[in-house]
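Engineer: Residues 0 to 424, numbered by numbering that gives the first Met the number 0, are exactly what the sequence shown covers, in order.
Beta carbons are placed, not taken as given, at the ideal position from N, Cα and C, and that holds for glycine.
Keep in mind it's a predicted model, so treat the numbers as computed, not measured.
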Amino acid sequence: MKILIIGTGYVGTTTGLIFCELGHKVTGLDLDEQKIQALQTGKLHFYEPGLEALLKKHIDSHNITFTKDTETAIKENDLIFICVGTPQGPNGSADLIFVKNVAASIGQNINHYKVIVTKSTVPVGTATLITKVIEENQTAPIPFDVVSNPEFLREGSALQDALNPDRIVIGTTSETARTIMRELYKDFDCPIVETHPKASEMIKYAANSFLALKISYINELARVCDNLAINVKDVSNGIGLDHRINPHFLKAGLGYGGSCFPKDVNALIQTAKEQGNPISILEAVVKVNADQPVYFIEKVKQALGSDLKNKTIAVLGLSFKANTDDTRESPSFILINRLLEEQATIKTHDPIVKMGAPHQFPTIEETVAGADALVICTDWDDYKQLDWESLKPLMKQLYIFDGRNMIDKEKVEKLGFYYFGVANH
Ligand code: UDX
Numbered sequence: 000m001k002i003l004i005i006g007t008g009y010v011g012t013t014t015g016l017i018f019c020e021l022g023h024k025v026t027g028l029d030l031d032e033q034k035i036q037a038l039q040t041g042k043l044h045f046y047e048p049g050l051e052a053l054l055k056k057h058i059d060s061h062n063i064t065f066t067k068d069t070e071t072a073i074k075e076n077d078l079i080f081i082c083v084g085t086p087q088g089p090n091g092s093a094d095l096i097f098v099k100n101v102a103a104s105i106g107q108n109i110n111h112y113k114v115i116v117t118k119s120t121v122p123v124g125t126a127t128l129i130t131k132v133i134e135e136n137q138t139a140p141i142p143f144d145v146v147s148n149p150e151f152l153r154e155g156s157a158l159q160d161a162l163n164p165d166r167i168v169i170g171t172t173s174e175t176a177r178t179i180m181r182e183l184y185k186d187f188d189c190p191i192v193e194t195h196p197k198a199s200e201m202i203k204y205a206a207n208s209f210l211a212l213k214i215s216y217i218n219e220l221a222r223v224c225d226n227l228a229i230n231v232k233d234v235s236n237g238i239g240l241d242h243r244i245n246p247h248f249l250k251a252g253l254g255y256g257g258s259c260f261p262k263d264v265n266a267l268i269q270t271a272k273e274q275g276n277p278i279s280i281l282e283a284v285v286k287v288n289a290d291q292p293v294y295f296i297e298k299v300k301q302a303l304g305s306d307l308k309n310k311t312i313a314v315l316g317l318s319f320k321a322n323t324d325d326t327r328e329s330p331s332f333i334l335i336n337r338l339l340e341e342q343a344t345i346k347t348h349d350p351i352v353k354m355g356a357p358h359q360f361p362t363i364e365e366t367v368a369g370a371d372a373l374v375i376c377t378d379w380d381d382y383k384q385l386d387w388e389s390l391k392p393l394m395k396q397l398y399i400f401d402g403r404n405m406i407d408k409e410k411v412e413k414l415g416f417y418y419f420g421v422a423n424h
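Written as structure tokens, this is what we have:
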């Protein structure tokens, strides 16, 4: 099949390359000249393990090309995937401006039957909206179908997730489009959920919101466990072994961040409100998530003293989770901003995210030198293997605040550190 991917971010680029792996010819379209130039030369404009090697492979074998030429790209392809961003609008609902612009371009340039598929996370009713916008922009009534096919990949494990999905969701009312989508995904052995586009759109929001709910649940429970000196990891393990609960997304920490959970939970809350059926449980999820860094800062203040003015705090990890350079809605920055409000001096480190001028890219040793406390915000593997013995003499005071419960508490305490985790007793 000749496939066009519109939008070359995490989802678009990964999806395009997976289709190349399946033997299809793919064109990546983006309006951003710099992104296109980089991709054409085999360079990713974001960090994602394994993806750049696959990009180079398929560029060399001419399976994927990148372009800014909307008209030609739409005319020459039969299957069009919309993978543009759906950022959060001012009231929490998803902003569909990029989706609408793409739909208008498709309407203006459609020259034969095409299937238009949304991979982007879009609110319920977007398939209908896309249909309407395409029809409004057509000069002749050329047939097309719109399909909702949400993507569930995670940043940091995008390739693995896209190659091994738990399920594939296809939302369409057209038998022709359904047949084409079945053919596209015929090599996957996971369940395929065929449903109405509205249900498909809802599935994505409902899945992300449910996972966010699990995280807020364990985080709020962790606060209670902390007071009772219970190790929340044992609780997660004990409940996660119940197959009805499962062990995933039960890691207590600093709260969820990233480009999806915060935005998608808010969008579903907004959709529900608009329908006159507010989802109060999700409103609580958001509140717990916002409170989690506050709970953690209180630990820092209790240990170091409420006045952080003359204290230097080394923050390890800036990305919202390991294996990505994405800092959107990262708990690290929420923490840093709060510590700055308390007038603490902050030094930061991240293995991938680089901030500021080149001379401001410190090593871990430079970051912790002279620090009163070290706060681990991101679960990078690098931080699991820190050489505490050599870091110890560099620090002014030996406080470790482990926002990810990833440090060997007993080991560091034996070395003389004071350790505080998220109910890691
Ligand atoms: C998420 C969904 O998992 C994915 O299906 C969807 O397509 C996009 O949104 P992503 O945002 O890339 O993926 O990251 P994910 O691994 O889900 O983590 C989201 C946030 O939750 C991170 O901040 C992570 O640190 C946090 N998290 C995750 C926890 O705090 N505890 C956990 O147990 C799991």
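With distances taken Cα to Cα, identify the nearest neighbour of R222 among T270, L183, V287.
Structural biologist: Here the closest residue by C-alpha is V287.
Engineer: Considering only C-alpha positions, which residue in the set T14, K213, D68, S173 is nearest to Y255?
Structural biologist: The option with the nearest alpha carbon to Y255 is K213.
Engineer: What does DSSP give as the partner residue(s) for I375 in the beta ladder?
Structural biologist: L315, D401.
Engineer: Near E29, which residues of its chain fall below 6 Å by C-beta distance, leaving aside the five closest residues on each side in sequence?
Structural biologist: Checking the sequence, you will find Asp at residue 29 rather than Glu. Closer than 6 Å at the Cβ level, and outside the excluded window around D29, lie T7, I35.
Engineer: Under the three-state reduction of DSSP, which class applies to I4: helix, strand or coil?
Structural biologist: Of the three classes helix, strand and coil, the one that applies to I4 here is strand, per DSSP.
Engineer: For A321, collect the residues of the same chain with a Cβ closer than 8 Å to its Cβ; drop the 5 residues on either side in sequence, then sort them by chain order.
Structural biologist: Excluding positions up to five away in sequence, the list reads G155, T377, D378, W379, D380.
Engineer: With DSSP collapsed to three states, give me the class of Q274.
Structural biologist: Reduced to three states, the DSSP call for Q274 is coil.
Engineer: At the level of alpha carbons, what is the spacing between H23 and V114?
Structural biologist: Distance between the alpha carbons of H23 and V114 is about 15 Å.
Engineer: Using 8 Å as the threshold, is the region 187 to 200 in touch with the region 85 to 97, meaning 3 or more CB pairs across them?
Structural biologist: Flag = no, the region 187 to 200 and the region 85 to 97 do not touch.
Engineer: Between the alpha carbons of T326 and C259, how many angstroms are there, rounded?
Structural biologist: Each residue's alpha carbon lies about 12 Å from the other.
Engineer: Can you tell me whether F18 sits near ligand 1, meaning its C-beta is under 6 Å from at least one heavy atom of the ligand?
Structural biologist: No; taking the cut-off as 6 Å, the Cβ of F18 has no heavy atom of ligand 1 nearer than that.
Engineer: Work out the CA separation of I141 and N245 for me, nearest whole Å.
Structural biologist: Their Cα atoms are separated by approximately 48 Å.
Engineer: Give a yes or no on contact between the region 0 to 18 and the region 47 to 58, applying the rule of three or more CB pairs nearer than 8 Å.
Structural biologist: The region 0 to 18 is in contact with the region 47 to 58.
Engineer: Three Cβ pairs or more, each shorter than 8 Å: is that satisfied between the region 89 to 105 and the region 123 to 132?
Structural biologist: Cβ pair count under 8 Å is three or more, so yes.
Engineer: Taking 6 Å as the limit between beta carbons, can you name the residues of its chain near K1, skipping five residues before and five after?
Structural biologist: Around K1: K24, N76, D77.
Engineer: Give the C-beta separation of I217 and L249 to the nearest angstrom, bearing in mind that I take them to be a contact with Cβ-Cβ under 8 Å.
Structural biologist: Indeed they touch by this definition, with Cβ atoms about 5 Å apart.
Engineer: Can you name the residues that DSSP bridges to G27?
Structural biologist: Paired residue(s): I4, F65.
Engineer: Quick one: Cα of F295 to Cα of L38, how far?
Structural biologist: Roughly 40 Å between the two C-alpha positions.
Engineer: For E47, count neighbouring Cβ atoms within 10 angstroms of its own Cβ and tell me buried if that reaches 16, exposed if not.
Structural biologist: By the neighbour-count rule (16 or more Cβ atoms within 10 Å), E47 is buried.
Engineer: Under 7 Å, do T366 and A302 count as touching if we go by C-beta distance?
Structural biologist: No, the pair does not count as a contact, with Cβ atoms beyond the cut-off.
Engineer: Out of E200, L158, T270, H111, which one is the CA nearest neighbour of T138?
Structural biologist: Per the Cα distances, H111.
Engineer: Based on the DSSP output, what are the partners of H348 in its beta bridges?
Structural biologist: L315, per the DSSP bridge assignment.
Engineer: Considering F419, what are the terminal residues of the beta strand (DSSP E) in which it resides?
Structural biologist: Counting along the chain, the beta strand (DSSP E) containing F419 begins and ends at 417 to 420.
Engineer: Looking at the structure shown, is K395 part of a helix, part of a strand, or coil, going by DSSP?
Structural biologist: Here K395 sits in coil by DSSP.
Engineer: Where do the N-terminal and C-terminal ends of the alpha helix (DSSP H) with L281 fall, by residue?
Structural biologist: Where L281 is concerned, the enclosing alpha helix (DSSP H) stretches over 279 to 303.
Engineer: Taking 8 Å as the cut-off, does the region 115 to 125 touch the region 145 to 159 (at least 3 CB pairs, one atom from each stretch)?
Structural biologist: With the cut-off at 8 Å, the region 145 to 159 and the region 115 to 125 touch.
Engineer: Identify which residue in K310, N276, K308, S331 has its Cα closest to the Cα of F319.
Structural biologist: Nearest of K310, N276, K308, S331 to F319, Cα basis: S331.
Engineer: Using the Cα positions of H424 and R337, report the straight-line distance between them to the nearest angstrom.
Structural biologist: Roughly 25 Å between the two C-alpha positions.
Engineer: Less than 7 Å between the C-beta atoms of G420 and L397, yes or no?
Structural biologist: Contact: no.
Engineer: Which partner residues does K410 have in the DSSP bridge list?
Structural biologist: The partner list for K410 (beta bridge, DSSP) is empty, contrary to what the question assumes.
Engineer: Does any heavy atom of ligand 1 sit closer than 6 Å to the C-beta of G252?
Structural biologist: Yes - ligand 1 has a heavy atom lying nearer than 6 Å to the Cβ of G252.
Engineer: Between Y382, S119, V121, Q291, which lies nearest to E219 when the distance is taken from Cα to Cα?
Structural biologist: Among Y382, S119, V121, Q291, the Cα nearest to that of E219 belongs to Q291.
Engineer: Here's the rule I'm using: 16 or more other beta-carbon atoms within 10 Å means buried, otherwise exposed. How should C189 be labelled?
Structural biologist: Flag for C189 reads exposed.
Engineer: For C224, is the beta carbon positioned less than 6 Å from some heavy atom of ligand 1?
Structural biologist: No, the Cβ of C224 stays beyond 6 Å of every heavy atom of ligand 1.
Engineer: Given a cut-off of 7 Å, decide if K197 and T120 are closer than it, judged by their beta-carbon atoms.
Structural biologist: The answer is no: Cβ separation not under 7 Å.
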